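Read through the structure below, which is laid out as structure tokens, and then see the notes.
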Amino acid sequence: AQSVTQLDSHVSVSEGTPVLLRCNYSSSYSPSLFWYVQHPNKGLQLLLKYTSAATLVKGINGFEAEFKKSETSFHLTKPSAHMSDAAEYFCVVSDGSSTLGRLYFGRGTQLTVWP
Amino acid sequence: NAGVTQTPKFRVLKTGQSMTLLCAQDMNHEYMYWYRQDPGMGLRLIHYSVGEGTTAKGEVPDGYNVSRLKKQNFLLGLESAAPSQTSVYFCASSLKSEQFFGPGTRLTVL
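Each protein sequence line maps, in turn, to chains U and H. Numbers 683 to 797, taken from the numbering used here, label the letters of the first sequence in order. Numbers 235 to 344, taken from the numbering used here, label the letters of the second sequence in order.
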């Protein structure tokens with residue numbers, strides 16, 4: 683069975699400081715993993731994805747994530763937060779057992795960025 | 235390309251009323267999905283479709299029906315709305331594992 687645990691429901695950082703959003707996953711198959719971002723009253727936008735290639739994945743807006751199989755983790759990081767990064771972030775695992783690509787969402791982490 | 239579009243953007247219903255949400259995609263994707271988003275719950279899959287004429291239940295299908303008569307459209311119906319169906323509804327489509335999301339429909343059931 684597939685599942686995702688986002689370890690923090692809220693994270694607050696100051697502008698210019700590093701961001702770390704933590705995610706652990708459980709998957710019976712070789713997973714595909716994603717981070718999506720949702721700005722207030724908007725749809726979901728793909729930040730980055732891991733699909734069994736390089737374990738360090740670079741995404742848009744300076745975000746990156748590292749797939750660590752031994753720790754079943756896929757944490758999202760950014761060296762320097764910007765005010766525009768304030769949003770809700772979802773870690774997502776895909777069902778690798780079929781071509782359907784069914785997604786399983788974490789409950790989300792709300793990122794607040796202070797000036 | 236418009237991507238994935240949803241209509242309407244907002245809707246208020248009274249308990250017991252019915253309505254249909256429309257999702258359209260212009261990317262020729264085979265797979266389409268309906269999710270609901272509730273605070274602190276992430277997105278939960280209601281129904282999905284692997285191709286024209288086929289549908290299947292997701293994680294929370296009760297109280298909803300769907301139809302995929304055309305490849306580009308995926309309809310979500312509420313036959314008798316209940317306050318527990320107050321939520322934000324997102325449609326998505328995909329070719330493989332990456333899903334593309336619509337802007338959402340905010341539904342309130344009084």
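We treat Cβ as the ideally placed atom computed from N, Cα and C, and that holds for glycine. It should be emphasised that the depicted structure is a prediction, and the values quoted were computed from it without experimental measurement.
| said: Using C-beta distances below 6 Å, list every residue in its chain close to V246 (chain H), excluding the 5 sequence neighbours before and after it, in chain order. | reply: T342
| query | DSSP beta-bridge partners for N307 (chain H)? | reply | H:A258
| request: Using only alpha-carbon positions, find the residue among H:A316, H:H281, H:S252 that is nearest to L785 (chain U). | output: H:H281
| Whose C-beta lies closer than 8 Å to the C-beta of S283 (chain H) among residues of the same chain, with five residues either side of it excluded? | Y265, M266, Y267, T289, A290, V300, R302, F308
| Helix or strand or just coil, what does DSSP make of M765 (chain U)? | helix
| task | Under 7 Å between beta-carbons, which chain H residues line up against L703 (chain U)? List them in chain order, please. | result | Those do not exist, as L703 (chain U) stays about 14 Å from chain H at its closest Cβ, beyond 7 Å.
| said: Run through the DSSP bridge pairs and tell me what H692 (chain U) is partnered with. | reply: U:Q792
| Do L730 (chain U) and V739 (chain U) have their C-beta atoms within less than 7 Å of each other? | Their beta carbons are under 7 Å apart, which means L730 (chain U) touches V739 (chain U) by this criterion.
| task | Measure the alpha-carbon distance for R278 (chain H) versus T737 (chain U) and round it to whole angstroms. | result | 27 Å
| For T733 (chain U) versus E746 (chain U), is the C-beta distance shorter than 7 Å? | no
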